[in-house]
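Asker: full-length UniProt numbering numbers the first residue of the sequence shown as 1 and each following residue consecutively.
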Amino acid sequence: MPLDFITNAYLYGLPEWFPEPETLVKFFGTLGVLVGTKVYCSGASNRSDRSMHGRVVMITGGTSGVGAAVALDLAKRGAHIVLLTQQPSSDPFVVDYVEELRELAGHQLIYAEQVDLTSLHSIRTFATQWIDNLPVRRLDMIILCAAVAGVAQTDERTGKALAPARGVTTADGIERAWMVNYLANFHLLGILSPALRSQPFDRDVRIIITTCSSYIGSPPLIAAPASTASTTTNARGSKKKAAKAGAAASTTPDGVDIPDWSPARAYARSKLALMVFARSFQKHVDAHKRPDNLPGNVRVLVVDPGMSRTPGFRHWLTGGSLLWLVLGYVLLYPLWWLFIKSADDGAQSILYAAMDGELRRMRDFGTAGDALADDAARDPLAHKIIKECRVMDTARRDVEDETVAKALWQDSDLLVEETEKRAAERRQREKEAAKEAAENEERVRKETHQVNEIEALVSAIKKGKEREKEKEAAAKKGDKKKSKRKA
């Protein structure tokens, strides 16, 4: 009994088997340090709450890591989840994942749509189908969690990285990390923009873009100040000229030949570009004049969830090597568990951005009584990011640079236009080649069928003649037998 133990310890001292006080102090002191370190490294927790019932939330990267934790939490709160996945919705993994999510959330309003973020055509196909609807489909929130690490190209014969280093490209010829981490989001939001701006005024619409602290070490997005194109009478030509001027000041918009390329620099550069674009897109949606003359209700938020133990973290740590997976991750897992957040911990800042009432775009409406009450120039969240469930300043001036933002937007717009044009021409050639191949196959099939019919006819004629000869021979033989009998 504890009381007896305390009484005996007080009267007669501690028993011999009991550890020394110094040992207990060391043990509990060490335990306290470990617990404190774990709590500190786990980061802040989201304290905000918000009813998500009936709200439509679109998520990229929602099948693993931090994105999966966000999707599950919002689904449990009643949100209608639309997962954008690389695999088709009929894929066994996607089917099982959606069913599991529905079971955990307790409702069926969770769906998957195929969107390959490495393909501009796939993004356009989905986004145009989404906005091509009357009345406008409800869309309360877009959470962009999908991201990939840069991967170096290798020599097919030796398996070694190319020199100078270059990143693996998509089928459209765009560096993969730049495409998935930045350009796919630029393209998706650009097409969905009308659907976002058309939401009712009283609807709290949020776009949450995830970034990473690696953007601090990113190389500059442009090598020189963007030049200003002269104005011409032709609006289309003026646009083209301005786009080319911005592209001339930019460092390779497709991300393929950036100076001193490395996977880390490519990833950091894509995240910096995404942050610059986030601010530009906020201005883009704010510039739209609503038919009801009310201020915009779309809020663009940039969130740094922090480093988390996700598949992306494992790939970054091990470089895709099975040996380093064992040596650098499995054996050192207690260290990573102690100092690195879990996916659920990493999701907290994103959930804060999704739920906190102080972050809604139209929160200041009515203070001045007009549409300028929520002017972007007085936006308290301009050039800010959310980290550890708090609003913080960004660490790069590039994010606030209008010249960089303008050049990046023009550069990306021109790249998307030219890439889609080339891709459309390629698909047309492939379609024509497939059609020609099908026609050739059909022609060969018909010719083969005709040859087979002719051969069958010839064979039938030969067999008929042979049967006639056999009949004639049999008849002659029968006549001979009759003549012999008569004789």
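No residue lacks a Cβ here, since even glycine has one placed at the ideal position from N, Cα and C.
Does DSSP classify P15 as helix, strand or coil?
Answerer: The residue given as residue 15 occupies position 15 in the sequence shown. Here P15 sits in coil by DSSP.
Asker: Apart from the five residues just before and just after A368, which ones in its own chain have a Cβ nearer than 7 Å to its Cβ?
Answerer: Counted from its first residue, the sequence shown places residue 368 at position 368. In this prediction, A368 scores a pLDDT of 33, lower than 50, which makes its location untrustworthy; the coordinate-derived value is nonetheless stated afterwards. Excluding positions up to five away in sequence, the list is empty.
Asker: On the three-state DSSP scale, how would you describe G369?
Answerer: Counting from one through the sequence shown, the residue named residue 369 turns up at place 369. Residue placement at G369 is flagged as unreliable, the pLDDT there being 35, under the threshold of 50; the coordinate-derived value follows with that caveat. Three-state result, G369: coil.
Asker: Taking just the CA atoms, how far does G67 sit from R102?
Answerer: For the purposes of this step, residue 102 is taken as residue 102 along the sequence shown, with counting starting at 1. For the purposes of this step, residue 67 is taken as residue 67 along the sequence shown, with counting starting at 1. If you take the alpha carbons of R102 and G67, they lie about 16 Å apart.
Asker: According to DSSP, what are the bridge partners of M58?
Answerer: Working through the sequence shown from its first residue, we reach residue 58 at position 58. Partner(s): V82, I142.
Asker: If I follow the unbroken beta strand (DSSP E) through Y111, where does it start and stop?
Answerer: Locating residue 111 in the sequence shown gives position 111, counting from the first residue. Run containing Y111: 110-114, per the beta strand (DSSP E) assignment.
Asker: Could you give the residue range of the alpha helix (DSSP H) that holds M392?
Answerer: The sequence position of residue 392 within the sequence shown is 392, counting from 1. Looking at the DSSP string, M392 is not in any alpha helix (DSSP H); the run it does join, the beta strand (DSSP E), is 390-393.
Asker: For the putative contact between L272 and Y215, defined by C-beta atoms under 8 Å, what is the C-beta separation to the nearest angstrom?
Answerer: The residue given as residue 272 occupies position 272 in the sequence shown. The residue given as residue 215 occupies position 215 in the sequence shown. Indeed they touch by this definition, with Cβ atoms about 4 Å apart.
Asker: Which term fits S459, buried or exposed, when burial requires 16 or more other beta carbons within 10 angstroms of its beta carbon?
Answerer: Your numbering for residue 459 matches position 459 in the sequence shown. Answer is exposed; the Cβ neighbour count stays below 16.
Asker: Less than 8 Å between the C-beta atoms of I207 and V300, yes or no?
Answerer: If you number the sequence shown from 1, residue 207 lands on position 207. If you number the sequence shown from 1, residue 300 lands on position 300. Result yes, Cβ atoms of I207 and V300 sit closer than 8 Å.
Asker: Using CA atoms only, rank isn't needed, just tell me which of E20, S45, F5 is closest to I350.
Answerer: Position 350 of the sequence shown, counted from the first residue, corresponds to residue 350. Of E20, S45, F5, the residue nearest in Cα terms is S45.
Asker: To which residues of the same chain is V285 closer than 7 Å at the C-beta, ignoring the five residues directly before and after it?
Answerer: Here residue 285 refers to the residue found at position 285 of the sequence shown. Cβ within range, chain order: S193, L196, R197, G296, V298.
Asker: Tell me which residue opens and which closes the beta strand (DSSP E) that L301 is part of.
Answerer: Position 301 of the sequence shown holds residue 301. Start and end: 298-304.
Asker: What's the C-alpha gap between A71 and H121?
Answerer: Counted from its first residue, the sequence shown places residue 71 at position 71. Counted from its first residue, the sequence shown places residue 121 at position 121. C-alpha separation (whole angstroms): 26 Å.
Asker: So S270 packs on Y182, CB below 8 Å; how close in whole Å?
Answerer: Against the sequence shown, residue 270 aligns to sequence position 270. Against the sequence shown, residue 182 aligns to sequence position 182. Confirmed, about 4 Å.
Asker: Assess contact between the segment 23-31 and the segment 320-339, defined as three or more Cβ pairs (one per stretch) separated by less than 8 Å. Is contact present?
Answerer: Too few Cβ pairs lie closer than 8 Å, so no.
Asker: Consult DSSP for S89 and reduce its assignment to one of helix, strand or coil.
Answerer: For the purposes of this step, residue 89 is identified with residue 89 of the sequence shown, where counting begins at 1. Coil at S89, not helix or strand.
Asker: Could you tell me the distance, in whole angstroms, from the CA atom of V391 to the CA atom of H315?
Answerer: Working through the sequence shown from its first residue, we reach residue 391 at position 391. Working through the sequence shown from its first residue, we reach residue 315 at position 315. The straight-line gap separating the alpha-carbon atoms of V391 and H315 is approximately 29 Å.
Asker: In chain order, what residues of the same chain lie with their CB nearer than 6 Å to the CB of L11, ignoring the 5 residues before and after it?
Answerer: Your numbering for residue 11 matches position 11 in the sequence shown. Counting only Cβ-Cβ distances below 6 Å, and skipping sequence neighbours, we find nothing.
Asker: In this structure, does DSSP put S64 in helix, strand or coil?
Answerer: Looking up residue 64 in the sequence shown gives position 64. Coil at S64, not helix or strand.
Asker: Beta-carbon separation of L274 and T211 under 8 Å?
Answerer: One-based indexing of the sequence shown puts residue 274 at position 274. One-based indexing of the sequence shown puts residue 211 at position 211. In this structure, L274 lies near T211, with their beta-carbon atoms less than 8 Å apart.
Asker: Measuring CB to CB, does S48 end up less than 8 Å from D411?
Answerer: Translated into positions along the sequence shown, residue 48 becomes position 48. Translated into positions along the sequence shown, residue 411 becomes position 411. The answer is no: Cβ separation not under 8 Å.
Asker: Taking a contact to mean a Cβ-Cβ separation below 8 Å, would you say P311 touches G65 in this structure?
Answerer: One-based indexing of the sequence shown puts residue 311 at position 311. One-based indexing of the sequence shown puts residue 65 at position 65. It is a contact, given that the beta carbons lie within the stated cut-off.
Asker: To the nearest angstrom, report how far apart V276 and A405 are at their CA atoms.
Answerer: If you number the sequence shown from 1, residue 276 lands on position 276. If you number the sequence shown from 1, residue 405 lands on position 405. Distance between the alpha carbons of V276 and A405 is about 6 Å.
Asker: Figure out for me which residue from M141, A171, S321, R166 has the closest Cα to the Cα of T118.
Answerer: Reading the sequence shown from its first residue, position 118 is the one you call residue 118. Checked all of M141, A171, S321, R166; the closest Cα to T118 is A171.
Asker: What separation, rounded to the nearest whole angstrom, lies between the Cα atoms of D479 and E455?
Answerer: Locating residue 479 in the sequence shown gives position 479, counting from the first residue. Locating residue 455 in the sequence shown gives position 455, counting from the first residue. Their backbone Cα atoms lie some 36 Å apart in a straight line.
Asker: Rounded to whole angstroms, what's the CA-CA distance from A475 to T448? Just pull it up for me.
Answerer: Your numbering for residue 475 matches position 475 in the sequence shown. Your numbering for residue 448 matches position 448 in the sequence shown. Straight-line Cα distance between these residues: approximately 40 Å.
Asker: What are the boundary residues of the alpha helix (DSSP H) that includes I222?
Answerer: The sequence position of residue 222 within the sequence shown is 222, counting from 1. Here I222 belongs to no alpha helix (DSSP H), and DSSP marks it neither H nor E.
Asker: Bridge partners of K289, per DSSP?
Answerer: Working through the sequence shown from its first residue, we reach residue 289 at position 289. According to DSSP, K289 bridges with nothing at all.
Asker: Which word fits Q129, buried or exposed, when buried means at least 16 other C-beta atoms lie within 10 angstroms of its C-beta?
Answerer: Locating residue 129 in the sequence shown gives position 129, where the first residue counts as 1. Label assigned to Q129: exposed.
Asker: In terms of residues, what are the limits of the beta strand (DSSP E) holding T210?
Answerer: Locating residue 210 in the sequence shown gives position 210, where the first residue counts as 1. First-last of the beta strand (DSSP E) with T210: 205-210.
Asker: Mind checking which residues open and close the beta strand (DSSP E) that includes K384?
Answerer: For this step, residue 384 is matched to residue 384 along the sequence shown. Per DSSP, K384 belongs to the beta strand (DSSP E) from 384-387.
Asker: Could you give the distance in angstroms between the alpha-carbon of I110 and the alpha-carbon of I81?
Answerer: The residue labelled residue 110 in the question sits at position 110 within the sequence shown. The residue labelled residue 81 in the question sits at position 81 within the sequence shown. Distance from the CA of I110 to the CA of I81, rounded to the nearest whole angstrom, comes to 5 Å.
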